[in-house]
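This report concerns only the one structure given below.
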Amino acid sequence: MSPTLNREMRDVLETVEQDADARVLVLTGEGSAWTAGMDLKEYFREVDAGPEILQERIRRDASEWQWKLLRFYSKPTIAMVNGWCFGGGFSPLVACDLAICADEATFGLSEINWGIPPGNLVSKAMADTVGHRESLYYIMTGKTFDGQKAAQMGLVNKSVPLAQLRDEVVLLAQDLLDKNPVVLRAAKNGFKRCRELTWEQNEDYLYAKLDQAELDPEHGRAQGLKQFLDDKSIKPGLQAYKR
Numbered sequence: 025m026s027p028t029l030n031r032e033m034r035d036v037l038e039t040v041e042q043d044a045d046a047r048v049l050v051l052t053g054e055g056s057a058w059t060a061g062m063d064l065k066e067y068f069r070e071v072d073a074g075p076e077i078l079q080e081r082i083r084r085d086a087s088e089w090q091w092k093l094l095r096f097y098s099k100p101t102i103a104m105v106n107g108w109c110f111g112g113g114f115s116p117l118v119a120c121d122l123a124i125c126a127d128e129a130t131f132g133l134s135e136i137n138w139g140i141p142p143g144n145l146v147s148k149a150m151a152d153t154v155g156h157r158e159s160l161y162y163i164m165t166g167k168t169f170d171g172q173k174a175a176q177m178g179l180v181n182k183s184v185p186l187a188q189l190r191d192e193v194v195l196l197a198q199d200l201l202d203k204n205p206v207v208l209r210a211a212k213n214g215f216k217r218c219r220e221l222t223w224e225q226n227e228d229y230l231y232a233k234l235d236q237a238e239l240d241p242e243h244g245r246a247q248g249l250k251q252f253l254d255d256k257s258i259k260p261g262l263q264a265y266k267r
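The opening residue of the sequence shown carries number 25 in the numbering used here; numbering runs sequentially from there.
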């Protein structure tokens, strides 16, 4: 991960978001790594040698795609962690809606090993996703853990053998494609926002999201009720309505 990658990822995510044919975003890595974390030479040696305003821009670009864009992306997002996942990679990992990893994947918060605390919003990502003790253990020791441990901690939804990873992610993506996209977006964003609000604020916000779903051009609520109550063709507890 580098300043150049940050700018490219921001542009790609914005382009894909406007592509009507792209309905689920899967974020994965090339080769044996999902991400090896920050490019230390480019991020620190070169950026530190530049003016202070350059550092501000680099941080803004990183947060723009790793957190702001991904966290409230208009389409469902899945992190497919195929290998090494270190340091700064934890921010986009947690920002994705769902995550599936390979058992063979290796995770690590190694910043402590070379003299800095976790960068960007990594600590916030861990605090929101993983328990207090587990987070501090790996932040303070820099020790690594595998995919099965990541699933046990709740950092990812599921861990499977690497040979099955792509098929597992495709199945999940297909399941999401069956859902009404307008309602799916309202549901996922409503959940993410509600964690930051009080109970009173949530009452207003989540009811507003519920009302907003009425603007769905598919009229999904009416379709779902009709197929369940009138046609007796679906069981909502077990399946989505037929679109």
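The beta carbon of each residue, even a glycine, is placed where N, CA and C say it ideally should be.
In this structure, G112 and G61 form a Cβ contact; the two beta carbons are roughly 5 Å apart against a cut-off of 8 Å. For D191, the uninterrupted alpha helix (DSSP H) segment begins and ends at 186-201. Around the CB of M104, 16 or more other CB atoms lie within 10 Å, so the residue is classed as buried. Sequence-distant partners of L51 (beyond 5 residues in either direction) whose C-beta falls short of 8 Å from its own C-beta, in its chain, are L94, T101, I102, A103, M104, P116, C120. Contact check for P185 and D127: beta-carbon distance about 5 Å, within the 8 Å limit, so the pair qualifies.
Close CB contacts of E192 within its chain, under the 8 Å cut and outside five residues either way in sequence, are with I124, K182, V184 (chain order). By the 16-neighbour rule on beta-carbons within 10 angstroms, S257 is exposed. Taken through DSSP and simplified to helix, strand or coil, K173 comes out as helix.
With respect to the 9 Å criterion, A197 and V48 are classified as neighbours on the basis of their beta carbons.
For G74, no pairing in a beta bridge is given by DSSP. Annotation for G143: M62, G111, G112, E135 place their beta carbon closer than 8 Å to its own, counting only its chain and skipping 5 residues before and after. Beta-bridge partners of L49 (DSSP): T101. V146 is not a Cβ neighbour of G178, given a cutoff of 9 Å.
Where W223 is concerned, the enclosing alpha helix (DSSP H) starts and stops at 223-236.
Within the same chain, and ignoring the five residues on either side of L221 in sequence, the residues whose Cβ sits closer than 7 Å to its Cβ are Y229. Taking 9 Å as the cut-off, the Cβ atoms of D240 and N204 count as close. Comparing alpha carbon positions, the residue from C218, K212, V180 closest to K99 is K212.
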